[in-house]
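One structure is given below, encoded as C-alpha cells.
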Amino acid sequence: IASENARFGQTGPKVGSFDAGFGASYLARMVGQKKAREIWFLCQQYSAQEALEMG
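Per our numbering, residue 1 is the first one in the sequence shown, and the count goes up by one each step.
Shown next, in the form of C-alpha cells:
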C-alpha cells in the first residue's frame, strides 16, 4: 500500500552498506534476478506505478 506519489529505491550501496542475504534474495524472487541487480547496483528511484509493474 502506497500513495501514487511514493518513491522507492535502494540506498545501501550509496552509503557503503550491504545486504546480508535475505533482502536481496527476496527481492530477486519478487522482481527477477536481472531487475533485482539493476535495483541494487544502480540505486535509482522508482515511482509507485513502476514498483507495482515490477511486482
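By construction, the Cβ of each residue, glycine as well, lies at the ideal position given by its N, Cα and C atoms.
Asked: Got a sec? Which residues, its chain only, sit under 7 Å from Met30 by beta carbon, not counting five neighbours each side?; Found: Gly55
Asked: Which partner residues of Ser17 appear in the DSSP bridge assignment?; Found: According to DSSP, which records beta bridges pairwise, Ser17 is partnered with nothing at all.
Asked: In or out: Ile1 buried (at least 16 other Cβ within 10 Å) or exposed?; Found: exposed
Asked: Which residues in the same chain have their Cβ closer than 6 Å to the Cβ of Glu4, if we skip the five residues on either side of it in sequence?; Found: Ala48
Asked: Within the present structure, is the beta-carbon of Phe18 separated from the nearest heavy atom of the ligand PLP by less than 7 Å?; Found: You won't find the ligand PLP in this model; it holds no ligand whatsoever.
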